[in-house]
Amino acid sequence: MNPVELRRRIGYVIQQIGLFPHMTVKENISLIPRLEKWNELDITKRVEELLNLVALPPELFINRYPAQLSGGQQQRVGLARALVMNPPLLLMDEPFGALDPLLRMQLQNEFVSIKRKLDKTIVFVTHDIEEGFTLGDRIGVMHNGKILQIGTPSELLFEPINDIVSKIVGSESKFKAIKFLQAKDVMIPLDKKYIFQQEMKCQEAIEKMISAQIEVALVKNSDEEIKQIELTDLLRIKDKEKSIMSIGKKLEIVTPDESLSSVILLLKSSNDKVAIVMSHEVIEGLVIINSVLLNLV
Amino acid sequence: MFSIALVLSICIGVIAALLVYSNPRIANIWFNILNVIETIPELALFIFLLPILGLGERPTIAACVLYSILPIMRNTYTGLAHISKEYIEIAQAIGLTKNEILIKIRLPMALPLISGGIRVAVVYIMGIITLGGLIAAGGLGVPLQAGIHQYNIPAIIIASFWVGTLGVVFDGIAWIIENKLTRRYNPW
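Here you go:
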């Protein structure tokens with residue numbers, strides 16, 4: 001395939017935006033279609049469709065010149081230009097780099113929703129890890145021209161392949177990436193030591209928890225109901241001969257891919273120390289609030 | 001006469017520049033040749049051309065063209081070759097062929113410079129045509145030259161006045177066109 005044809009099949013958005021100053025918005029976007037001899041009606045329809053996609057009302061913008069647009073508006077036109085031939089692959093090279101931080105955030109958020117509508121393969125180049133985590137489904141870390149590792153934010157943060165990756169993604173300070181992590185990243189597997197029988201008495205439970213060095217435990221009753229007990233609650237009980245089932249509290253359930261921040265908020269609002277992570281009726285693990293923070297540094 | 005000369009020079013100058021804009025070495029050779037021609041005083045040029053083209057309009061037009069190719073070609077060349085690399089790279093990356101880049105990007109963006117070159121040529125041609133009066137080319141040159149020979153002061157004054165005014169007017173028109181083009185094609 002010759003290079004010109006190949007380039008027309010790849011949408012390209014660059015940091016400097018690069019709209020041609022002597023052409024209107026419409027002419028800029030429709031440059032390739034015109035060269036491909038589309039008819040005028042199709043061109044206008046397509047340009048209007050794209051301007052609506054990037055949130056620039058066609059009536060206002062279609063005949064403006066780039067000099068009459070702000071940076072953010074220009075970059076939206078740049079994106080429309082890249083999408084005009086509906087290429088299967090979109091290459092975006094630090095597209096939001098030349099914009100101020102507030103505008104960058106706004107465009108990033110808009111981009112996430114556009115991304116879903118587009119259903120394309122997008123290669124997005126950035127030096128901002130957070131931007132990568134926000135926009136990317138899979139993130140590749142490059143150093144000295146080589147790709148070191150490709151993975152989801154959790155994979156890169158918790159299983160960096162070497163020190164360089166670890167440094168680049170900030171594995172030392174995972175808490176910074178808290179909104180990109182999920183319950184499954186900080187859960188611990190369900191260990192036998194956490195499971196107590198309902199007939200157990202409080203006193204015995206206290207001793208068991210101290211020796212196992214745990215602060216919470218799960219209690220299952222005959223109806224397959226699971227409740228949680230906390231060491232602090234047990235210590236406050238006057239009648240230590242009671243069975244633990246009576247002081248068990250309801251347990252919060254979360255899914256493995258639930259966002260970590262929402263799990264933490266859940267526990268905070270219900271004043272619990274533990275939630276179980278369940279998927280397809282199988283308990284996958286526990287999220288214990290104290291250990292979460294420790295896992296994030 | 002004027003229009004023929006102008007049109008011819010524009011055509012040759014622009015086409016020449018189009019042919020060489022991507023090749024600085026060849027372009028330089030041509031510019032050197034044209035520079036040499038430029039240094040030949042017009043009268044001398046007339047003398048060279050007379051035996052080949054005879055008297056009257058033809059050698060005058062030929063001299064005009066030879067003289068005006070340089071400003072037009074040079075400006076066109078600079079305009080085409082020196083477009084900001086950024087735009088050319090983007091055009092390439094988007095998938096334009098070299099010719100498409102020439103027609104859609106380089107040419108429009110070079111128009112202000114090209115018209116500047118044409119404006120210079122306009123003034124040159126005015127001057128040379130007036131000189132053409134010497135070799136029986138007709139036009140305003142005749143009363144002017146005749147006046148000089150016969151020491152006919154009024155004739156000289158009137159003819160010079162007309163030539164001068166025409167020159168200024170044409171230059172003014174060219175200046176307006178140049179401005180309009182600059183604003184349209186070079187808004188930064």
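Going down the list, the sequences are from chains A and B. By UniProt numbering, the letter at position 138 of the first sequence is numbered 138, and the numbering carries on one by one without gaps. By UniProt numbering, the letter at position 161 of the second sequence is numbered 161, and the numbering carries on one by one without gaps. We put the CB at the ideal spot given by N, CA and C, even for glycine.
Looking only at DSSP bridge pairs, what is residue i linked to?
i	result
leucine 19 (chain B)	DSSP output for leucine 19 (chain B) lists no bridge partner at all.
phenylalanine 196 (chain A)	A:Val219
alanine 275 (chain A)	A:Glu252 and A:Val287
serine 243 (chain A)	A:Lys201
aspartate 233 (chain A)	Answer by DSSP bridge pairing: none, since aspartate 233 (chain A) is not bridged.
aspartate 93 (chain A)	A:Ile14 and A:Val125
serine 259 (chain A)	A:Gln182
valine 282 (chain A)	A:Ser279
Quick one, which of the options has its alpha-carbon nearest residue i's?
i	options	result
proline 87 (chain A)	A:Thr232, A:Val123, A:Glu224 and A:Cys202	A:Val123
threonine 165 (chain B)	B:Val123, B:Asn32, B:Gln145 and B:Glu178	B:Val123
arginine 68 (chain B)	B:Ile114, B:Thr97, B:Asn99 and B:Pro143	Position check: residue 68 (chain B) holds serine in this sequence, whereas arginine was assumed. Comparing Cα-Cα distances from serine 68 (chain B) to each of B:Ile114, B:Thr97, B:Asn99 and B:Pro143, the minimum goes to B:Ile114.
valine 84 (chain A)	A:Leu294, A:Leu251 and A:Arg9	A:Arg9
isoleucine 135 (chain B)	B:Glu89, B:Tyr87, B:Leu53 and B:Ile105	B:Leu53
glutamate 172 (chain A)	A:Gln182, A:Phe158, A:Ile195 and A:Gln203	A:Phe158
arginine 183 (chain B)	B:Ala110, B:Tyr21, B:Ala44 and B:Val169	B:Ala110
serine 222 (chain A)	A:Asp137, A:Gln228 and A:Met245	A:Met245
leucine 118 (chain A)	A:His127, A:Leu79, A:Val25 and A:Cys202	A:Leu79
isoleucine 188 (chain A)	A:Ile288, A:Leu56 and A:Arg7	A:Ile288
valine 4 (chain A)	B:Glu89, B:Ala17, B:Cys64 and B:Leu19	B:Glu89
isoleucine 61 (chain B)	B:Gln92, B:Ala16 and B:Glu42	B:Glu42
glycine 56 (chain B)	B:Pro143, B:Ile29 and B:Gly139	B:Gly139
alanine 98 (chain A)	A:Val219, A:Val13, A:Glu224 and A:Ser270	A:Val13
phenylalanine 20 (chain A)	B:Arg106, B:Val120 and B:Arg119	B:Arg106
asparagine 162 (chain A)	A:Leu148, A:Lys249 and A:Lys26	A:Leu148
cysteine 64 (chain B)	B:Gly79, B:Leu80, B:Ile37 and B:Ile103	B:Ile37
glycine 132 (chain A)	A:Asp93, A:Ser270 and A:Asn295	A:Asp93
isoleucine 176 (chain B)	B:Ile118, B:Trp162, B:Pro108 and B:Gly132	B:Ile118
leucine 35 (chain A)	B:Ile157, B:Phe161, B:Asn99 and B:Trp162	B:Asn99
What residue does the alpha helix (DSSP H) around residue i start on, and which one ends it?
i	result
methionine 85 (chain A)	Premise fails: methionine 85 (chain A) is in no alpha helix (DSSP H) and is neither H nor E.
threonine 97 (chain B)	It is not in any alpha helix (DSSP H) - threonine 97 (chain B) carries neither H nor E in the DSSP assignment.
methionine 105 (chain A)	101-118
valine 36 (chain B)	24-39
histidine 149 (chain B)	141-150
tryptophan 162 (chain B)	153-185
arginine 119 (chain B)	107-132
phenylalanine 175 (chain A)	Note, phenylalanine 175 (chain A): premise wrong, no alpha helix (DSSP H); not H, not E.
asparagine 63 (chain A)	Segment: none, asparagine 63 (chain A) is in no alpha helix (DSSP H) and carries neither H nor E.
leucine 80 (chain B)	57-81
lysine 26 (chain A)	25-29
aspartate 163 (chain A)	163-169
asparagine 2 (chain A)	From DSSP, asparagine 2 (chain A) is part of no alpha helix (DSSP H); its letter is neither H nor E.
Along chain B, which residues have their Cβ under 9 Å away from the Cβ of residue i?
i	result
phenylalanine 20 (chain A)	Tyr87, Ile90, Ala91, Lys104, Ile105, Pro108 and Met109
leucine 102 (chain A)	Neighbours of leucine 102 (chain A) on chain B: none; closest Cβ ~25 Å, over 9 Å.
valine 13 (chain A)	Those do not exist, as valine 13 (chain A) stays about 10 Å from chain B at its closest Cβ, beyond 9 Å.
For residue i, go through chain A and note every residue whose CB falls closer than 9 Å to its CB, in chain order.
i	result
tyrosine 185 (chain B)	Pro21 and His22
Starting from residue i, trace the beta strand (DSSP E) both ways and give me its first and last residue.
i	result
methionine 142 (chain A)	139-143
glutamate 230 (chain A)	226-230
lysine 184 (chain A)	Run containing lysine 184 (chain A): none in the beta strand (DSSP E); it sits in the alpha helix (DSSP H), 183-186.
leucine 148 (chain A)	146-151
threonine 126 (chain A)	Looking at the DSSP string, threonine 126 (chain A) is not in any beta strand (DSSP E), and its letter there is neither H nor E.
valine 13 (chain A)	10-14
Name the chain B residues that come within less than 7 Å of residue i, Cβ to Cβ?
i	result
leucine 260 (chain A)	Here the premise fails: no neighbours, minimum Cβ distance about 40 Å.
glutamine 16 (chain A)	Glu86
isoleucine 32 (chain A)	Ile94 and Gly95
Which bits of chain A does residue i rub up against, with CB to CB less than 7 Å?
i	result
glutamate 178 (chain B)	The premise fails here: glutamate 178 (chain B) is roughly 15 Å from chain A at the closest Cβ pair, so nothing lies under 7 Å.
Quick one: list the residues of chain A neighbouring residue i, beta-carbon separation under 8 Å, in chain order.
i	result
glutamate 100 (chain B)	Leu35
Give the residues of chain B in contact with residue i, contact being defined as C-beta atoms less than 8 Å apart.
i	result
valine 4 (chain A)	Gly95, Leu96 and Thr97
arginine 8 (chain A)	Ile94 and Gly95
For a test of your reading of the model: does the CB of residue i fall under 8 Å from any non-hydrogen atom of the ligand COA? Yes or no.
i	result
arginine 183 (chain B)	This structure does not include the ligand COA; it has no bound ligands of any sort.
With three or more beta-carbon pairs closer than 8 Å as the criterion, would you say the stretch 120-135 of chain B touches the stretch 38-49 of chain A?
With the rule of 3 Cβ pairs closer than 8 Å, the stretch 120-135 of chain B does not count as touching the stretch 38-49 of chain A.
Could you say if the stretch 195-205 of chain A and the stretch 7-22 of chain B meet the contact criterion of at least three C-beta pairs nearer than 8 Å?
no
Does the contact criterion of 3 or more C-beta pairs under 8 Å hold for the stretch 146-159 of chain B versus the stretch 67-86 of chain B?
Result no; under three Cβ-Cβ pairs closer than 8 Å.
Should the stretch 277-284 of chain A be called in touch with the stretch 63-77 of chain B, which here means at least 3 C-beta pairs below 8 Å?
no
Are the stretch 144-154 of chain A and the stretch 228-248 of chain A touching by the rule of at least three beta carbon pairs closer than 8 Å?
no
Are three or more beta carbon pairs between the stretch 207-226 of chain A and the stretch 180-197 of chain A nearer than 8 Å?
yes
Pairing CB atoms from the stretch 250-259 of chain A with CB atoms from the stretch 173-187 of chain A, are three or more of them under 8 Å?
By the Cβ rule, the stretch 250-259 of chain A counts as touching the stretch 173-187 of chain A, because three or more pairs are nearer than 8 Å.
Stretch pair the stretch 20-38 of chain B + the stretch 212-221 of chain A: three plus CB contacts closer than 8 Å
no
Are the stretch 126-133 of chain A and the stretch 45-56 of chain A in contact at 8 Å, needing three or more beta carbon pairs?
no
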